[in-house]
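Chains as they are written, first to last, in our numbering: chain A, 1 to 89; chain B, 1 to 89. The beta-carbon is built from N, C-alpha and C at its ideal position, and this holds for glycine as well.
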């Protein structure tokens, strides 16, 4: 299997695991609550994704780099929404 | 920076983004609900993680491979718990 096909797996994985957080953000904004979403999960995941960005940069992997930057942004928005709506109750 | 240090970033990222789903699973099992957790997010994430496993295998990256296999298992348990508890109501 050539490198183009290998990169395809990476990009497809990247698109799915990145876009996956969009329905969660939309759901949180619509229902105005994310009580059941673990705060610790969000914090640990955001820290981990930041290290994936460093790793992706070091091994020069574009799929890892791009995917994790967008994943980081989406999860930061989910975290902010969760904290914002939990304080409103 | 040598390859040992680069691998450290990968493994640290892997431990964090993998272990991150444990608090979510524990929270779901304790509260017996995951109503606010998006079903579409879980399904898309599980599909994406499966492709990361393929990508990690192809580029021979142990951190990507190990992390995503455990992430897959934890998210499958979260998905099963969510569906199970939603049907009990």
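DSSP state of residue i mapped onto helix, strand, coil
{"i": "residue 32 of chain A", "result": "coil"}
{"i": "residue 62 of chain A", "result": "helix"}
{"i": "residue 14 of chain B", "result": "helix"}
{"i": "residue 37 of chain A", "result": "coil"}
{"i": "residue 75 of chain B", "result": "helix"}
{"i": "residue 20 of chain B", "result": "coil"}
Contact with chain B by residue i, beta-carbon distance below 8 Å
{"i": "residue 73 of chain A", "result": "no"}
Residue closest to residue i, alpha-carbon to alpha-carbon, out of the options
{"i": "residue 19 of chain B", "options": "B:29, B:69, B:83", "result": "B:69"}
{"i": "residue 44 of chain A", "options": "B:33, B:74, B:22, B:82", "result": "B:22"}
{"i": "residue 49 of chain B", "options": "B:71, B:84, B:86", "result": "B:71"}
{"i": "residue 84 of chain B", "options": "B:8, B:25, B:55, B:61", "result": "B:25"}
{"i": "residue 28 of chain A", "options": "A:76, A:81, A:42", "result": "A:81"}
{"i": "residue 73 of chain B", "options": "B:62, B:61, B:42", "result": "B:42"}
{"i": "residue 79 of chain B", "options": "B:62, B:60, B:47", "result": "B:47"}
CB contact check: residue i to chain A, cutoff 8 Å
{"i": "residue 77 of chain B", "result": "no"}
{"i": "residue 37 of chain B", "result": "yes"}
Proximity below 8 Å, CB of residue i to CB of residue j
{"i": "residue 16 of chain A", "j": "residue 51 of chain B", "result": "yes"}
{"i": "residue 13 of chain B", "j": "residue 66 of chain B", "result": "no"}
Assess contact between the stretch 3-11 of chain B and the stretch 20-39 of chain A, defined as three or more Cβ pairs (one per stretch) separated by less than 8 Å. Is contact present?
Two segments are said to touch when three or more pairs of C-beta atoms, one from each, lie closer than 8 Å; by this definition the stretch 3-11 of chain B does not touch the stretch 20-39 of chain A.
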